[in-house]
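From first to last, the protein sequence lines are chains A, B and C.
Okay, so the first sequence: first residue is 1 according to this note's numbering, each after it adds one.
Okay, so the second sequence: first residue is 1 according to this note's numbering, each after it adds one.
Okay, so the third sequence: first residue is 1 according to this note's numbering, each after it adds one.
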Amino acid sequence: MGLTAKSSGFNVLKESFNIDIEINKPVIALAGNPNTGKSTVFNALTGLKQHTGNWPGKTVTQAQGVFTHNNQDFLLIDLPGTYSLLSNSTEEMIARDFICFARPDLTIVVADATNLERNLNLVIQVMELTDNVVLCLNLMDEARRKKIRIDIEKLSGELQIPVIPTIARENDGLYELKEISYKICTKQIKITPYKMKYSENVEEAVEKVLPLLKTRLNQISDKLNLRWLALRLIEGDKTVLESIEKYFFKLSKNTEGQVLSCGSNC
Amino acid sequence: MDQTADCGRELIRTLSLVDNISESEKEKIRDQIVKDIYWLAEKIANESVSKEQIKTDWGEKADDILTSKYMGFPIMLVMLGGVFWLTIAGANIPSAFLAEGLFWFEGRLNELFMWANAPQWLQGILVSGVYRTMAWVVSVMLPPMAIFFPIFTLLEDAGYLPRVAFNLDNFFRRSGAHGKQALTMSMGFGCNAAGVIATRIIESPREKLIAIITNSFVPCNGRFPTLIVLASIFMGTVVSETYSSFVAAAIVVALVLAGISITLLVSWILSKTVLKGVPSSFTLELPPYRKPQLGRILVRSFIDRTLFVLGRAVMVAAPAGLIVWVFANIGIKGMSLLDYAANLLNPFAVLIGLDGVILLAFILGLPANEIVIPIMVMGYLSTGAMLEPDSVSVLRDILVNNGWTWLTALATMSFSLLHFPCGTTLLTIRKETGSMKWAVFTFFSTTAVAIIVNFIVVQLIHLFL
Amino acid sequence: MLLSNLPLKNSGKIIGLTAKGEQRRRLLDLGLIPGTTVMAKRKSPSGAPIAYLIRGTILALRKEETDLVEISP
Ligand SMILES: Nc1nc2c(ncn2[C@@H]2O[C@H](COP(=O)(O)OP(=O)(O)OP(=O)(O)O)[C@@H](O)[C@H]2O)c(=O)[nH]1
Ligand SMILES: [Mg+2]
Numbered sequence: 001m002g003l004t005a006k007s008s009g010f011n012v013l014k015e016s017f018n019i020d021i022e023i024n025k026p027v028i029a030l031a032g033n034p035n036t037g038k039s040t041v042f043n044a045l046t047g048l049k050q051h052t053g054n055w056p057g058k059t060v061t062q063a064q065g066v067f068t069h070n071n072q073d074f075l076l077i078d079l080p081g082t083y084s085l086l087s088n089s090t091e092e093m094i095a096r097d098f099i100c101f102a103r104p105d106l107t108i109v110v111a112d113a114t115n116l117e118r119n120l121n122l123v124i125q126v127m128e129l130t131d132n133v134v135l136c137l138n139l140m141d142e143a144r145r146k147k148i149r150i151d152i153e154k155l156s157g158e159l160q161i162p163v164i165p166t167i168a169r170e171n172d173g174l175y176e177l178k179e180i181s182y183k184i185c186t187k188q189i190k191i192t193p194y195k196m197k198y199s200e201n202v203e204e205a206v207e208k209v210l211p212l213l214k215t216r217l218n219q220i221s222d223k224l225n226l227r228w229l230a231l232r233l234i235e236g237d238k239t240v241l242e243s244i245e246k247y248f249f250k251l252s253k254n255t256e257g258q259v260l261s262c263g264s265n266c
Numbered sequence: 001m002d003q004t005a006d007c008g009r010e011l012i013r014t015l016s017l018v019d020n021i022s023e024s025e026k027e028k029i030r031d032q033i034v035k036d037i038y039w040l041a042e043k044i045a046n047e048s049v050s051k052e053q054i055k056t057d058w059g060e061k062a063d064d065i066l067t068s069k070y071m072g073f074p075i076m077l078v079m080l081g082g083v084f085w086l087t088i089a090g091a092n093i094p095s096a097f098l099a100e101g102l103f104w105f106e107g108r109l110n111e112l113f114m115w116a117n118a119p120q121w122l123q124g125i126l127v128s129g130v131y132r133t134m135a136w137v138v139s140v141m142l143p144p145m146a147i148f149f150p151i152f153t154l155l156e157d158a159g160y161l162p163r164v165a166f167n168l169d170n171f172f173r174r175s176g177a178h179g180k181q182a183l184t185m186s187m188g189f190g191c192n193a194a195g196v197i198a199t200r201i202i203e204s205p206r207e208k209l210i211a212i213i214t215n216s217f218v219p220c221n222g223r224f225p226t227l228i229v230l231a232s233i234f235m236g237t238v239v240s241e242t243y244s245s246f247v248a249a250a251i252v253v254a255l256v257l258a259g260i261s262i263t264l265l266v267s268w269i270l271s272k273t274v275l276k277g278v279p280s281s282f283t284l285e286l287p288p289y290r291k292p293q294l295g296r297i298l299v300r301s302f303i304d305r306t307l308f309v310l311g312r313a314v315m316v317a318a319p320a321g322l323i324v325w326v327f328a329n330i331g332i333k334g335m336s337l338l339d340y341a342a343n344l345l346n347p348f349a350v351l352i353g354l355d356g357v358i359l360l361a362f363i364l365g366l367p368a369n370e371i372v373i374p375i376m377v378m379g380y381l382s383t384g385a386m387l388e389p390d391s392v393s394v395l396r397d398i399l400v401n402n403g404w405t406w407l408t409a410l411a412t413m414s415f416s417l418l419h420f421p422c423g424t425t426l427l428t429i430r431k432e433t434g435s436m437k438w439a440v441f442t443f444f445s446t447t448a449v450a451i452i453v454n455f456i457v458v459q460l461i462h463l464f465l
Numbered sequence: 001m002l003l004s005n006l007p008l009k010n011s012g013k014i015i016g017l018t019a020k021g022e023q024r025r026r027l028l029d030l031g032l033i034p035g036t037t038v039m040a041k042r043k044s045p046s047g048a049p050i051a052y053l054i055r056g057t058i059l060a061l062r063k064e065e066t067d068l069v070e071i072s073p
């Protein structure tokens, strides 16, 4: 009976971009692996009561809330947890498309300090997509309990992004998180994350495609990271083009580009 | 706009850029990309993390027991039973207390109306209809929920739910369903609508639909107080008071297990017929156990649930009480509309162990399951003298006076467990699946299951007893 | 040898995946990458799935998946 995601109509993306972005209110996205405490961070920052729970996949709907720091309002979006941005599950596409097309002013990746390696996998992918990334190293209490020590400076130096250790459940480190968010959104700090270099065969394939992409998609080159797009093309990910079509062309027809342009101007 | 069209054309041409790369080449590139990223992650992690070997890993020890071959299932059963026992034993006192207070207040309300010389019908609608239904919902439904949910949340926060899914997965696999369905079912205890939304964690549309359609076989919020109350007053009372809450808890556990079995059976049937297919890939992370924040969780979920129930009492129970009262008191030729409908339903209802009033209460309870018992009581009371049910134990008298036996209670519980989901859940199904079709399908298939199971059970019992 | 044949409490090193398409992506994204060490930790009391320790996380995988992963013991 041809039950594809489309025919059953699970159009989660459409709802998920349904956020009221206001001018002058920077948008901050919370991304991260499942079960790392994103909703706990979200609740601690906004005072809202998103449900939390110790199992991966607790948050499936995207929540938004506002918090204020130094008299500046921020709009915070709690994204569903994902291990990666490269598979094509609904959650991953929401997270990917949000970071890619709604273009938040800042993406905070909430990571589990007790399992850094797996979490860094996602951090690196987010850093490829956008420059404004902060790593929130959560569950520091659990890490301490398990006698795991993390050299924050070193980590921050390697990734070239700010790293804030937190215990979200006890509001530990959240002030620092707000402070750095404020500074980044008000452009007091500029972040240039470490950019991933791939093995030769990948880089060669990118080189073949990228110059052409640059000439052809010149109009949207300020809105989309073309190197990233090239990577998706050469690995055969077609969903990205579908999303581009959806968010750059179909959406902007209806809303005169509001959805997209706002995210980047704020 | 022109620019848009241009871009669209460019986009299509863009795709052709990679035409000359073969699929296998793309796969190789893709593998390399993932590998490179992980390799970098590993390198950075190794450089900045130092780990000391810890002596005992309590999480491992716990998993050795909680997922062990011999202890895994017994422990799950004991946990489930324990949670229900705590709920039942703990709910009795606040329930009686609330009932007394609320129905005392009803008396004062009546006096107020009398004093104000308000017309009889107005007093009837507002006090016997609206207020009394709300009072029933609050006194019967609130205490079990306010106890169950904090305990459940504790288990959830400690990390026990993924272990349940892990333990049960093989059953789901054999039913052609997804292992994470166990998680969405757990959410269903709170609210089936929430359970339906939780099915988003299931990737495959086929298995997601199975999980959606069968979610209401888990007794939600609005129903398991009904199960608990009926189990307490009909089955708990056959033994001495000390054991009654144990018996009641055992009955509720048995019902939940029956619900799970039927979920598996229906999932299996669905995956062999309407939703044919093989199980899709399944991966489940077993996160480390974490110490729950006892105090905060208890308070938070207690307040959440209380507010939730009170909100529903006002939003759904009050208007429903009004409508039902009107139906119970407007009549043709000396027979109320309610009786009329109940009589119409009666012959069929009897076949499945219910009576007309019970079945009618289920139908009128479509907006919210919480109001089924209040409607039933109103249906019974509207004919006779206006008894004042001032505590839960009086409920037993009302029901027995109207011909209830333990079999009626059993049939009612079974029907409550299996019948159509509430209106909110149906709307959520429509929203999640994007079509009315699946909401309607769920409505009819669950109800068919309820009727079939009830019929078989009731007729078998009649045959042998 | 296939990952599904790895005895409990034993470890092996992934040498390749035979999964295709979407499933391959997902397994790779979960960290089942050639060169990764996996350990079979425990088995569900219902007989399946089996939980593996993979890059610091315990992941339960069904036989349908582990049949598609090749390891060297
Ligand atoms: N010990 C400790 N536990 C925490 C901390 N932050 C969150 N938790 C707990 O970790 C669990 C997961 O937290 P959530 O906020 O639900 O995680 P999430 O990232 O939103 O998860 P998904 O929505 O499933 O992706 C909950 O049980 C929290 O109480 C922390 O800093 N320390
Ligand atoms: Mg969450």
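C-beta: ideal position from N, C-alpha, C; glycine also.
- Positions of the beta strand (DSSP E) runs, each at least 3 residues long and wholly inside the segment 108-195 of chain A, are given as 133-138, 148-150, 163-165 in order along the chain.
- For Asp141 of chain A, the distance from the CB to the nearest heavy atom of ligand 1 is below 6 Å.
- Taking 6 Å as the cut-off, the C-beta of Gly37 of chain A counts as close to a heavy atom of ligand 1.
- The C-beta separation of Gly12 of chain C from Ile71 of chain C comes to about 4 Å, placing the pair in contact by the 8 Å criterion.
- One finds Arg55, Gly56 in chain C with Cβ atoms closer than 8 Å to the Cβ of Glu117 of chain A, taken in chain order.
- At a cut-off of 6 Å, the beta-carbon of Lys180 of chain B does not count as near ligand 1: no heavy atom of the ligand is closer than that.
- Secondary structure note for Glu285 of chain B: its beta strand (DSSP E) is the uninterrupted segment 283-285.
- Closest option to Thr215 of chain A, judged by alpha-carbon separation, among B:Ile233, B:Asn192, B:Leu17, B:Val324: B:Leu17.
- DSSP places Leu86 of chain A outside both helix and strand once states are collapsed to three, so it counts as coil.
- The contact set of Gly12 of chain C on chain B, defined by CB atoms closer than 9 Å, is empty, because the minimum CB distance reaches about 18 Å.
- Judged by DSSP secondary structure, Gln32 of chain B falls within the alpha helix (DSSP H) whose first and last residues are 23-48.
- Listed in chain order, the positions of the segment 156-180 of chain B with a beta carbon within less than 9 Å of a beta carbon of chain A are Glu156, Asp157, Ala158, Gly159, Tyr160, Leu161, Pro162, Ala165, Lys180.
- Taking all protein chains in view, the Cβ of Asn369 of chain B is crowded by 16 or more other Cβ atoms within 10 Å, so the residue is classified as buried.
- At least one heavy atom of ligand 1 is found less than 6 Å from the C-beta of Pro56 of chain A.
- Per the C-alpha coordinates, the member of A:Ile180, A:Leu139, A:Glu176 positioned closest to Gly37 of chain A is A:Leu139.
- Under the DSSP assignment, Thr433 of chain B falls in the alpha helix (DSSP H) whose first and last residues are 423-433.
- Residue state for Lys276 of chain B is assigned as coil, using DSSP reduced to three classes.
- Here Met71 of chain B carries a coil assignment [DSSP, helix/strand/coil].
- Listed in chain order, the positions of the segment 18-31 of chain C with a beta carbon within less than 9 Å of a beta carbon of chain A are Glu22, Arg25, Arg26, Leu28, Asp29, Leu30, Gly31.
- The alpha-carbon separation between Leu231 of chain A and Leu155 of chain A amounts to approximately 26 Å.
- Exclusion of the five residues before and after Lys183 of chain A leaves Ile189 as the residues of its chain whose Cβ lies within less than 8 Å of its Cβ.
- Between ligand 1 and the CB of Arg296 of chain B, the shortest heavy atom gap is not smaller than 6 Å.
- Closest in alpha carbon position to Ala409 of chain B, among B:Gly379, B:Ile352, B:Ala448, is B:Ile352.
- Your pair Leu40 of chain B and Met127 of chain A does not check out as a contact, with CB atoms roughly 10 Å apart and the cut at 8 Å.
- Annotated three-state conformation of Ile15 of chain C is strand, per DSSP.
- Between the beta-carbon of Asn119 of chain A and that of Asn33 of chain A there is about 5 Å, and that keeps the pair under the 8 Å contact cut.
- Taking every protein chain shown into account, the CB of Trp325 of chain B has 16 or more other CB atoms within 10 angstroms, so this residue is buried.
- Excluding sequence positions up to five before and after Ala341 of chain B, its CB lies within less than 7 Å of the CB of Leu360, all in the same chain and listed in chain order.
- Within chain C, the residues placing a beta-carbon under 7 Å from that of Tyr83 of chain A are Asp29, Leu30, ordered along the chain.
- Contacts with chain C at 7 Å (Cβ-Cβ) do not include Ser48 of chain B.
- A direct Cα-to-Cα measurement between Lys437 of chain B and Gly259 of chain B gives close to 24 Å.
- If only complete runs of 3 or more residues are kept, the segment 46-77 of chain A shows the beta strand (DSSP E) at 63-69, in order along the chain.
- Thr66 of chain C and Leu399 of chain B have their C-alpha atoms roughly 56 Å apart.
- Residues of chain C whose Cβ lies closer than 9 Å to the Cβ of Leu427 of chain B do not exist; the shortest such Cβ separation is about 31 Å.
- Ligand 1 has a heavy atom closer than 6 Å to the beta-carbon of Gly53 of chain A.
- Taking 7 Å as the threshold, the shortest C-beta distance from Pro26 of chain A to chain B does not fall below it.
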